[in-house]
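Asks: The following block contains the structure, expressed as structure tokens.
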Amino acid sequence: MKQDIEKATLWFLTARGMAAAGASEAGESQPAAAGLFAQAVLRLSEDDCIEGKSPAHMSRLSLMDCLSGVAALSIDTREKFFTGAIMIALLDRRMDPSEVRWASALASAMKLSPRQVEECCLGARILTDMLHPVTRTA
Amino acid sequence: MEANDSNFGFLRPLDHRLSRLGSQAENYVHSDPEACLFKLRLMVEMMASTLARITLGNALPPELGVTLGELERTGVLPRHEADTMHAIRRDGNSAVHGGIAPASTALRRLRDAHALTRWYSQTFKNSVQERAAEFQVPKRPEAAGGVDPQVAAAERLEDQIEERRRRTREALLLFQDDAERNNLSRRYRSELDALDAVAATAGEADIDAESMALFMALELEQLLEHPTFGRASRDARREAQSQLDAVKRRLEAQESAFREARERLTADKF
Numbered sequence: 006m007k008q009d010i011e012k013a014t015l016w017f018l019t020a021r022g023m024a025a026a027g028a029s030e031a032g033e034s035q036p037a038a039a040g041l042f043a044q045a046v047l048r049l050s051e052d053d054c055i056e057g058k059s060p061a062h063m064s065r066l067s068l069m070d071c072l073s074g075v076a077a078l079s080i081d082t083r084e085k086f087f088t089g090a091i092m093i094a095l096l097d098r099r100m101d102p103s104e105v106r107w108a109s110a111l112a113s114a115m116k117l118s119p120r121q122v123e124e125c126c127l128g129a130r131i132l133t134d135m136l137h138p139v140t141r142t143a
Numbered sequence: 544m545e546a547n548d549s550n551f552g553f554l555r556p557l558d559h560r561l562s563r564l565g566s567q568a569e570n571y572v573h574s575d576p577e578a579c580l581f582k583l584r585l586m587v588e589m590m591a592s593t594l595a596r597i598t599l600g601n602a603l604p605p606e607l608g609v610t611l612g613e614l615e616r617t618g619v620l621p622r623h624e625a626d627t628m629h630a631i632r633r634d635g636n637s638a639v640h641g642g643i644a645p646a647s648t649a650l651r652r653l654r655d656a657h658a659l660t661r662w663y664s665q666t667f668k669n670s671v672q673e674r675a676a677e678f679q680v681p682k683r684p685e686a687a688g689g690v691d692p693q694v695a696a697a698e699r700l701e702d703q704i705e706e707r708r709r710r711t712r713e714a715l716l717l718f719q720d721d722a723e724r725n726n727l728s729r730r731y732r733s734e735l736d737a738l739d740a741v742a743a744t745a746g747e748a749d750i751d752a753e754s755m756a757l758f759m760a761l762e763l764e765q766l767l768e769h770p771t772f773g774r775a776s777r778d779a780r781r782e783a784q785s786q787l788d789a790v791k792r793r794l795e796a797q798e799s800a801f802r803e804a805r806e807r808l809t810a811d812k813f
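Here the protein sequences come in this chain order: X and V.
Residue 42 in the numbering used here is what sits at position 37 of the first sequence, and the numbering runs on without skipping anything.
Residue 730 in the numbering used here is what sits at position 187 of the second sequence, and the numbering runs on without skipping anything.
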């Protein structure tokens with residue numbers, strides 16, 4: 006249980022980093038995407054998500070902590086995290102330099118190979134298509 | 544309830560019809576919840592058609608649901624306000640068609656409508672003179688035999704459902720509210736800037752930003768030409784390419800800024 010809360014904390018930190026890197030207001034294009042991903046793909050419970058992203062768990066953590074945290078995850082979880090992060094970046098159908106930088110920092114910290122990165126990006130694109138967010142034109 | 548005592552009294556100088564509907568909805572909330580929801584639905588319809596006339600021109604969609612969808616799609620209605628309007632529309636429709644409408648539902652929607660009209664008046668009517676007060680629950684008329692046990696049970700159930708909804712929402716959202724979003728985003732952005740500087744100075748391990756941008760651009764192209772998004776392949780490719788070029792330009796600018804700084808430092812030292 007405690008492990009799942011830590012995983013949730015790490016995931017929401019990863020996702021928030023990517024949302025903050027986007028040019029539009031963080032998380033605006035699909036604010037529930039990170040939570041849906043946490044529950045559907047990472048198999049975290051609602052309670053774990055709530056507890057994991059509570060200020061008590063997250064307020065002291067920086068994105069650098071996030072990079073060291075994700076490095077310690079299993080390879081399967083690392084790939085899922087990376088897929089979810091790219092999904093969040095692609096939700097608004099835009100690619101911002103800071104998003105790219107955060108993605109490359111994550112991939113490097115996770116020790117993913119170019120092949121793995123490519124596969125995760127493909128998975129992220131499929132998930133983005135499934136979520137089909139409304140684009141902001143005004 | 545007098546118009547001046549009404550939660551919606553602040554709307555009178557801006558739109559007396561909205562104010563009157565709100566006040567009527569308040570009067571009905573305990574005694575006739577269906578009528579309350581019907582009035583609230585009318586309020587939503589009125590606000591939506593005003594917004595649509597201002598922003599979408601005269602081609603108003605015939606159905607309220609479509610109008611709201613269009614307003615949300617074009618970014619006029621933020622998601623939260625759109626959700627609230629849809630909820631009032633749905634409950635209003637259900638009440639009109641004989642659905643069960645407990646007073647607690649009507650009260651919740653009344654509260655939602657109050658928040659909605661505050662947003663509406665501030666955003667679209669640019670109201671600075673009239674400040675809306677916090678919502679006050681309209682007084683419940685005393686029943687002869689106290690509160691009906693069935694009504695009380697329905698209200699308890701409603702409260703449980705509401706709590707369940709709140710937790711689900713809390714679990715899903717990336718940030719709990721705007722304040723948290725703004726504060727944390729600012730902090731994360733400054734960390735990302737620092738990360739940028741470190742990467743430009745010390746170089747990147749394994750997956751560099753340029754390769755990452757290429758991978759993302761390939762997927763972007765696919766996304767943009769997907770039938771649900773609907774761009775021709777050539778346009779999608781151009782758009783993805785232009786975004787990739789922009790990222791590369793930014794990375795090159797960082798590199799050259801770093802090189803210049805290093806050269807200056809070297810020149811100063813030697």
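Note that beta-carbon positions come from the ideal geometry of N, C-alpha and C, so glycine has one too.
Does the distance between the C-beta of V:A697 and the nearest non-hydrogen atom of the ligand MN fall short of 7 Å?
Replies: Looking at this structure, you won't find the ligand MN or any other ligand, since it has none at all.
Asks: Of all the residues that make up the stretch 742-759 of chain V, which are near chain X by a beta-carbon distance shorter than 9 Å?
Replies: Residues A742, E747, A748, D749, I750, D751, A752, E753, S754, M755, A756, F758 and M759.
Asks: My guess is that V:L763 and X:R98 are in contact by the Cβ rule of under 8 Å, so how many angstroms apart are they, rounded?
Replies: The Cβ separation is near 7 Å, so the contact holds.
Asks: Leaving aside the five residues before and after V:L614 along the sequence, list all residues of the same chain whose C-beta is less than 8 Å from its C-beta, in chain order.
Replies: Excluding positions up to five away in sequence, the list reads A591, L594, A595, T598, L599, L620 and A625.
Asks: Just checking: is the beta-carbon of V:Q765 within a distance shorter than 8 Å of some beta-carbon in chain X?
Replies: Yes - at least one Cβ of chain X is within 8 Å of the one on V:Q765.
Asks: For V:E569, count neighbouring Cβ atoms within 10 angstroms of its own Cβ and tell me buried if that reaches 16, exposed if not.
Replies: V:E569 comes out buried.
Asks: Just list the alpha helix (DSSP H) runs in the stretch 73-123 of chain X, keeping only unbroken ones of 4 residues or longer that don't cross its boundaries, in chain order.
Replies: Those alpha helix (DSSP H) runs which fall completely within the stretch 73-123 of chain X and span 4+ residues are 80-95 and 102-114.
Asks: Find the residues of chain X that neighbour V:Q786, judging by a C-beta separation of less than 8 Å, and give them in chain order.
Replies: Within 8 Å Cβ-Cβ: R99 and M100.
Asks: Kindly indicate which three-state DSSP category V:D751 falls into: helix, strand or coil?
Replies: Three-state result, V:D751: coil.
Asks: Just to confirm, are V:R777 and X:A25 a CB contact at a threshold of 8 Å?
Replies: No, these two residues do not count as a Cβ contact at 8 Å.
Asks: Excluding the 5 residues preceding and the 5 following V:A644 in the sequence, name in chain order all residues of the same chain whose CB lies nearer than 6 Å to its CB.
Replies: Excluding positions up to five away in sequence, the list reads P576, E577, L580 and A638.
Asks: Closest to V:E753 by C-alpha separation, out of X:G74, X:M23 and X:A108, would be which residue?
Replies: Of the candidates X:G74, X:M23 and X:A108, the one whose C-alpha sits nearest the C-alpha of V:E753 is X:A108.
Asks: So X:R106 and V:D739 are in contact, right, with Cβ under 8 Å, and what is the actual spacing, rounded?
Replies: The pair is a contact, with the Cβ atoms about 5 Å apart (cut-off 8 Å).
Asks: Quick one: which residues of the stretch 694-721 of chain V get their C-beta closer than 7 Å to a C-beta of chain X? List them in chain order.
Replies: Residues R710, T711, E713, A714, L715, L716, L717 and F718.
Asks: Using 10 angstroms around the beta-carbon of X:S73, count the other beta-carbons present and answer buried if the total reaches 16, otherwise exposed.
Replies: That one is exposed.
Asks: Exposed or buried, which one is X:A61 when buried takes at least 16 other CB atoms within 10 Å?
Replies: That one is exposed.
Asks: Taking X:T19 as the reference, which of X:D101, X:A90, X:A129 and X:E56 has the closest Cα?
Replies: Selected option, being the one with the closest Cα: X:A90.
Asks: Give me the chain V residues within the contact set of X:R130, using Cβ-Cβ distance strictly less than 7 Å, ordered along the chain.
Replies: In chain order: E762, Q765 and L766.
Asks: Closer than 8 Å, CB to CB, is X:L127 near chain V or not?
Replies: Answer yes: the Cβ-Cβ gap between X:L127 and chain V drops below 8 Å somewhere.
Asks: Please state whether the Cβ-Cβ distance between X:L95 and X:F86 is less than 8 Å.
Replies: No, these two residues do not count as a Cβ contact at 8 Å.
Asks: Which same chain residues end up closer than 6 Å to V:A789 when comparing Cβ atoms and leaving out the 5 residues on each side of it in sequence?
Replies: Correct list: empty, nothing qualifies.
Asks: At 9 Å on the CB atoms, spell out the chain X contacts of V:Y571, in chain order.
Replies: The premise fails here: V:Y571 is roughly 34 Å from chain X at the closest Cβ pair, so nothing lies under 9 Å.
Asks: Taking Cβ to Cβ, would you say X:C54 is nearer than 8 Å to X:A43?
Replies: Taking 8 Å as the Cβ cut-off, X:C54 and X:A43 qualify as a contacting pair.
Asks: Does X:W16 come within less than 8 Å of chain V when only Cβ atoms are used?
Replies: Chain V contact via Cβ: absent.
Asks: Does any residue of chain X have a CB that is nearer than 8 Å to the CB of V:R793?
Replies: Closer than 8 Å to some Cβ of chain X, the Cβ of V:R793 qualifies, so yes.
Asks: Assuming V:M589 contacts V:R560 under a Cβ cut-off of 8 Å, what Cβ separation, rounded to an integer in Å, is found between them?
Replies: Rounded, the Cβ-Cβ distance is 7 Å, consistent with contact.
Asks: Along chain X, in chain order, which residues have C-beta atoms closer than 7 Å to that of V:V790?
Replies: Those within 7 Å of V:V790 in chain X are M100, P102 and V105.
Asks: So if I threshold CB-CB distances at 9 Å, which residues from the stretch 726-738 of chain V count as touching chain X?
Replies: Within the stretch 726-738 of chain V, the residues whose Cβ lies closer than 9 Å to some Cβ of chain X are L727, S728, R729, R730, Y731, R732, E734, L735, D736, A737 and L738, listed in chain order.
Asks: For V:D749, which option in X:R120, X:T133 and X:R130 has the closest C-alpha, if you only look at C-alpha atoms?
Replies: V:D749 has its Cα closest to that of X:R120, out of X:R120, X:T133 and X:R130.
Asks: Which same chain residues, not among the five before or five after X:G128, have their C-beta less than 6 Å away from its C-beta?
Replies: Around X:G128: T88.
Asks: Kindly say whether V:R622, judged by its beta-carbon, lies nearer than 8 Å to any beta-carbon of chain X.
Replies: It does: the Cβ of V:R622 has a partner Cβ on chain X nearer than 8 Å.
Asks: With DSSP as the reference, label V:V639 as helix, strand or coil.
Replies: Helix.
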